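Using the numbering used here, read the first sequence as starting at 75 and increasing by one per residue. Every residue, glycine too, gets a C-beta built ideally from N, C-alpha and C. This one's a predicted model, so the numbers in the text were calculated from it and none came from an experiment.
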Amino acid sequence: MINKSKNFLNRIVEEDLNAGKYQEIVTRFPPEPNGFPHIGHAKSISINFGIAKEYLGHCNLRMDDTNPTTEDTQYVEALKDAVKWLGFEWDKEVRYTSDYFSKLYEYAIQLIKMEKAYVDSLDEEKMREYRGTVTQVGKRSKFAQRSVEENLDLLERMKKGEFKEGEHVLRAKIDMASPNMKMRDPLLYRIKDAHHFRAKDEWSIYPMYDFAHCLSDYIEGVTHSICTLEFENNREIYDWVLDTLELEPPRPYQHEFARLNINYTVMSKRKLLELVEKEIVSGWDDPRLPTIAGLRRRGYTPESILNFCEQIGVAKANSVVDVAQLEFSIRDNLNPKVPRVMCVLDPLKVTITNYEGSEELEASYYPYDVPKEGSRKVPFSKEIYIERDDFMENPSKGYFRLTPDQPVRLKHAYIISCKEIIKDGQGNIVEIKAEYYPDSKSGSDTSGIKVRSAIQWVEANKAKEIEVRLYDRLYNNEAPDGIEDINPNSLKVIKNALIEPSVLPEKIGVRFQFERHGYFFADPIDYSDETPVFNKIVSLKESSSQKRKVSQNKPKLQAKKVQIDGEVTPMTQEEEVLFEKYTNELKLNSEVANTLARDKQLSSLYEEALTTHSSPINIANLITNEVARELKNKSIDELKFTPKQIATLIKMVDDKTISTKIAKQVFEEMSKNGEEPTQIVESKGLIQISDPAVILPIIEDIIAKNPENVEKYRAGNSKLFGFFVGQVLKATGGKANPKVVNELLKNVALS
RNA sequence: UGGGGUAUGGCCAAGCGGUAAGGCAACGGUUUUUGGUACCGUUAUUCGGGGGUUCGAAUCCCUCUACCCCAUCCA
């Protein structure tokens, strides 16, 4: 793979590997077996198995079967199939969360003993009420005060099935006032009087996702637990459970990515189910569905799906991928490998009046640009069928095919000219009488006739009838809402398309390109010798000139949106006073003064630094920018540097000992280990170079090494100026005085 | 409304202070016995808006805006 840019997950994994955090990378694909997998699952499979493969680790397949009422074994089979079909192998046996029920139970007991979990007996409604809302804190249930013994006893009896569903639950004792709703004493176990498809009737209680998932990951030695964005809020519990239990390291960490969306289709379990249940589609494997089964039956290849996943990348922004990207991936995959055959979907009879007898023509399966060998015989006689729209009596401009005045080549055969048009009573064309040019035979053409197109055809008596199913997008709406957006023409069945006879001995699961139509797949379910059925996988790409006829010029051009700013919270009186002082007395610009005045920590740091070195503007700038960054994820007493050090740093800038660029570098060093700025500058030799005599040779060297860029710059590409500055600074380890470099570059070297 | 996220061309997406990668789509052109493929070229003076810091900002700071997720005994 060339130029593969890394996504954020690769980065994380590599960092962890470099830091020696784990011996081996272990990922997992953990679906709940409660529905059929779709292309969104394929993305997850591709990521999880892909990372494991790339970093020489392994990936587990784990059925997250903690809810016996929704899960079933038919789905685990479908899930296994999907992974296998995509070409991945999971590590050892398929894992099940239900295999860990006993261990999980032990962990629950441990939490109770640590007084970190309790049995709650509030009813559902009360519990919701107690949870509070996003803006209001919740309150703890009185049952949270139960003793360890009582909790242990209750849990044991819950497990034994002594209580009814809903009577009790086990909850983690965390924080009912947490701003993260998920942390308000989340449920760990609930009673379920249900038959589990694997655990049978052994358990009366089942663990919740938030308790089971992190621990299952841990039990399996998973290192990177990759899930979708909607679990971001759950990460805090994930960490809480693992940390609270004080498990032996290493432990897994959760990372989230954006789930896949594709336009003109739906991905949610609910909407997919609706389509199937209302029989809008024929089943879970309907070729219009984005399910793995559907895609597979449609004729998509595993490689094409994997390539698609690779192309769309992995990120954290919610996005909608264009179906065109998926279609591209299958065309791209099939083009260099499937044989081309001739099929006529909407036949128009052509009689070649000057041809007698019959012959078999040698026809290559692949065009000149596909490096594959192979051919078949195609029967030819005076009676053939061509595609109805490959003839036009009154052609529009730019029409390349057969017309009364324009000959056309029959692919692999002869050139013909239209001599007569036969119509029925209504004026519909029913037949063309044509003549062929005997010296125009494909491969030995001496006729010298120029044609603009070669069309596919079939011999009338030997051609076979087949059923062709043409699929279009399932919805008319780019972002479908519901069944009201269904495309009524998403499936068009042609019962009697005609295909050249060589194709028919073929069986299910074979792919062809029907020349000039698209890629087709022998339907694995309905294909039979009596009624051969082919599914259209995807059309050939439609060229611009073809489209121009149909599409009208689309109106576009949107004006740039004007954004109205919201109101800024007014300053308090105290802040006002500071702001005045900073702008008037210290001459800070209002923006800097504003941020400083509004932030108590920053302003106190600032005031203190000023007492060491009186350089109000420069110190203010450093504090509002660099220090503010440090304070974003640290508290003020975690800072390693002192205001005094800031002052000495700025003093060096003011002395011109170092540049502001270096100052930032030094500052970073300071905030990491609290070293004295003067020390850092000295030990790293960061004193700035301002002597033109030193800098000039470096500049000349850079210029000599980049003649093309110099030329481009001189030709007017002024953006390149920054490139040269950057190169010089890089060459001097950042020590060159950038102002001097700019000067020299502008006035001497590049003038 | 509290918290957690996200914003880079028509659609994905790299980028982590020094020339705005790449793919899809679109548009030209060359080749072509597929209006396909392949190949060549064009398409972001600008990164949600506004300010600030810097010689230099998509990248750092402030601020505003929009969208997504969280108040299942679902996962």
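Helix, strand or coil at residue i according to DSSP, with G and I counted as helix
i      : result
Arg136 : strand
Lys177 : helix
Ser299 : strand
Leu660 : coil
His115 : helix
Phe162 : coil
Thr365 : strand
Gln500 : coil
Ser403 : helix
Gln808 : Looking at the sequence provided, one finds Gly at residue 808 rather than Gln. Here Gly808 sits in coil by DSSP.
Gln620 : Confidence in Gln620 is poor, its pLDDT being 48 and thus under 50, which makes the residue's placement too unreliable to answer from.
Pro575 : helix
Leu476 : strand
Gly800 : helix
Pro629 : Note that Pro629 scores 38 on pLDDT, short of 50, meaning its location in the model is unreliable; the coordinates nonetheless yield the value given after this. In the structure shown, Pro629 sits in coil (DSSP, three-state: anything other than H, G, I, E or B).
Ile293 : helix
Trp277 : coil
Trp358 : coil
Gln328 : strand
Asn81  : coil
Thr643 : coil
Candidates the options, of which the one nearest residue i by Cα
i      : options                        : result
Ser764 : Gly431, Asp498, Leu614, Ser733 : Ser733
Gly235 : His269, Ile458, Val532, Lys456 : His269
Arg368 : Ile386, Glu384, Leu349, Ala508 : The sequence given here places Gly at residue 368; Arg does not occur at that position. Closest option to Gly368, Cα to Cα, is Leu349.
Asn668 : Pro644, Ile582, Leu153, Tyr170 : Pro644
Asn81  : Tyr440, Lys390, Pro105, Cys417 : Lys390
Ile568 : Arg372, Asn561, Asn468, Arg543 : Arg543
Ala191 : Ala553, Thr207, Ala218         : Ala218
Met201 : Leu226, Asp259, Asp173         : Asp259
Met257 : Glu310, Tyr593, Leu760, Arg414 : Glu310
Leu578 : Ser516, Pro512, Glu616, Tyr601 : Tyr601
Ile86  : Glu552, Tyr327, Leu548, Glu304 : Tyr327
Asp197 : Glu239, Asn308, Lys493         : Glu239
Assigned exposure category for residue i - 16 Cβ within 10 Å defines buried
i      : result
Lys630 : Caution is warranted here: a pLDDT of 40 is assigned to Lys630, below 50, making its placement in the model unreliable, and the coordinate value is therefore given only provisionally. Lys630 should be labelled exposed.
Arg483 : buried
Leu83  : buried
Glu461 : buried
Thr605 : exposed
Thr209 : exposed
Tyr828 : The requested residue 828 is not part of the displayed model; the chain covers only 75 to 825.
Met255 : exposed
Thr646 : exposed
Glu180 : exposed
Gly431 : exposed
Gln620 : Because Gln620 sits at a pLDDT of 48, beneath the cut-off of 50, its placement in the model cannot be relied upon, and the point is left open.
Gly212 : buried
Lys615 : exposed
Leu408 : buried
Cβ-heavy atom distance, residue i to the ligand GTP, below 8 Å
i      : result
Glu700 : This structure lacks the ligand GTP, and indeed carries no ligand of any kind.
Own chain partners of residue i with C-beta closer than 8 Å, once the 5 adjacent residues on each side are dropped
i      : result
Trp159 : Ile366, Arg370, Pro376
His242 : Val193, Asp194, Ser195, Leu228, Met232, Ile265
Ile76  : Only weak support exists for where Ile76 lies, its pLDDT of 43 falling under 50; the value from the coordinates is given anyway. So no residue of the chain qualifies.
Met341 : His112, Ile113, Gly114, Arg333, Leu334, Asn335, Pro364
Asn551 : Tyr338, Asp559
Same chain only: Cβ atoms within 7 Å of residue i, ignoring 5 sequence neighbours per side
i      : result
Glu306 : Glu330
Ser514 : Tyr488, Ile489, Ser521, Ile523
Asp275 : His269
Leu321 : Tyr292
Glu743 : Glu749, Ile754
Arg325 : Tyr292, Leu316
Close-in-space but distant-in-sequence residues of the same chain around residue i (CB under 6 Å, 5 per side omitted)
i      : result
Lys628 : Residue confidence for Lys628 is low, a pLDDT of 39 falling below 50, so the modelled location carries little weight and cannot support an answer.
Discussion item. I'd like to know if the stretch 272-285 and the stretch 308-319 are in contact, where contact means that at least 3 CB-CB pairs between them fall below 8 Å.
Written reply: Under the three-pair Cβ rule at 8 Å, the stretch 272-285 counts as touching the stretch 308-319.
Practice prompt. Flag this pair as touching only if the stretch 796-804 and the stretch 757-777 have three or more C-beta atom pairs under 8 Å; answer yes or no.
Written response: Flag = yes, the stretch 796-804 and the stretch 757-777 touch.
Worksheet item: Counting Cβ pairs closer than 8 Å, one from the stretch 670-688 and one from the stretch 717-729, do we hit at least three?
Response: Contact check between the stretch 670-688 and the stretch 717-729: three or more CB pairs, one atom from each, fall below 8 Å, which counts as touching.
Item to complete: Report yes or no: do the stretch 378-395 and the stretch 465-473 share at least 3 C-beta pairs separated by less than 8 Å?
Response: For the pair of segments examined, the stretch 378-395 was found not to touch the stretch 465-473: the number of CB pairs separated by less than 8 Å stays below three.
Worksheet item: Can we say the stretch 101-108 touches the stretch 135-145, given the rule of at least three CB pairs closer than 8 Å?
Response: Enough Cβ pairs lie closer than 8 Å, so yes.
Discussion item. For the stretch 419-429 against the stretch 391-405, do three or more pairs of beta-carbon atoms, one drawn from each stretch, fall closer than 8 Å, so that the two count as touching?
Written reply: Judged by Cβ distances under 8 Å, the stretch 419-429 makes no contact with the stretch 391-405, as fewer than three pairs qualify.
Worksheet item: Should the stretch 565-584 be called in touch with the stretch 534-554, which here means at least 3 C-beta pairs below 8 Å?
Response: Segment contact: the stretch 565-584 against the stretch 534-554, three or more CB-CB distances shorter than 8 Å; contact assigned.
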